[in-house]
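Down below is the structure, laid out as structure tokens.
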Amino acid sequence: MKIPKGWKQIEGASNYALSPEGHIHSLKSGKPMSRRWRGLRFWSSVTCDDGKYRQIAHDELRYQSHGLPDEEMKIVKGYPDYKVTPYGAVWKYRKTPRKYRNNPFLVETKDIGNKEYVRMVTEDGRRHWVRMEKIMEEAYPND
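Offset between the sequence shown (1-based) and this note's numbering: plus 366.
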């Protein structure tokens with residue numbers, strides 16, 4: 367099915383388009399996809415060009431990629447599932463919990479006393495509170 371006039375193509379999902387009435391339609395069958403109101407906008411689930419099933423926001427019309435930012439990072443010594451940026455942002459990028467759907471996420475810091483700490487897990491599953499100063503000194507010793 368060709369995209370009708372006034373409809374909008376979805377970036378990364380060429381088999382779907384948004385109608386002027388606000389529904390995403392399959393261009394193969396012509397049928398509208400179900401939509402849900404969540405977080406102040408409508409969302410629909412579609413199969414993208416890479417074969418993955420994703421949520422599409424009707425006001426953005428592209429899937430949101432969840433990956434590490436394109437910037438310099440080093441693996442944290444002793445914690446191979448984590449990376450740190452030169453400005454101190456710690457990312458867990460491997461073996462992420464199920465709630466993150468295998469996407470990298472920014473690890474929260476906690477102030478304990480006058481120091482800033484991050485909770486990290488070693489390769490064998492032990493959890494530790496690691497001081498941010500130590501992480502930065504080991505990753506970027508000359509900075």
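Beta carbons: idealized from backbone N, C-alpha and C, even for Gly.
query: The beta strand (DSSP E) with E482 in it runs from where to where?; result: 481 to 487
query: Do M498 and T475 come within 8 Å of each other at the CB atom, strictly closer than that value?; result: yes
query: Considering Cα atoms alone, identify which of N480, V450, K481, T488 is closest to L472.; result: V450
query: When the Cα atoms are used, what is the spatial distance from Y419 to R467?; result: 12 Å
query: What residues in its chain sit with their C-beta under 8 Å from that of C414, if we drop five residues either side in the sequence?; result: G378, A379, R420, Y429
query: Alpha carbon to alpha carbon, how far is L427 from R464? Give it in angstroms, no decimals.; result: 26 Å
query: Could you tell me whether the region 401 to 408 touches the region 434 to 450, where touching means 3 or more Cβ pairs closer than 8 Å?; result: no
query: At 3 residues or longer, what runs of the beta strand (DSSP E) sit wholly inside the region 382 to 446?; result: 390 to 392, 402 to 404, 407 to 413, 419 to 423, 440 to 442
query: Classify Y448 as helix, strand or coil using the three-state DSSP reduction.; result: strand
query: Suppose you measure from the CA of R402 to the CA of H494; what does that come to, to the nearest Å?; result: 40 Å
query: First and last residue of the beta strand (DSSP E) that includes I478?; result: 475 to 478
query: Do you know how far the Cα of H389 is from the Cα of S395?; result: 14 Å
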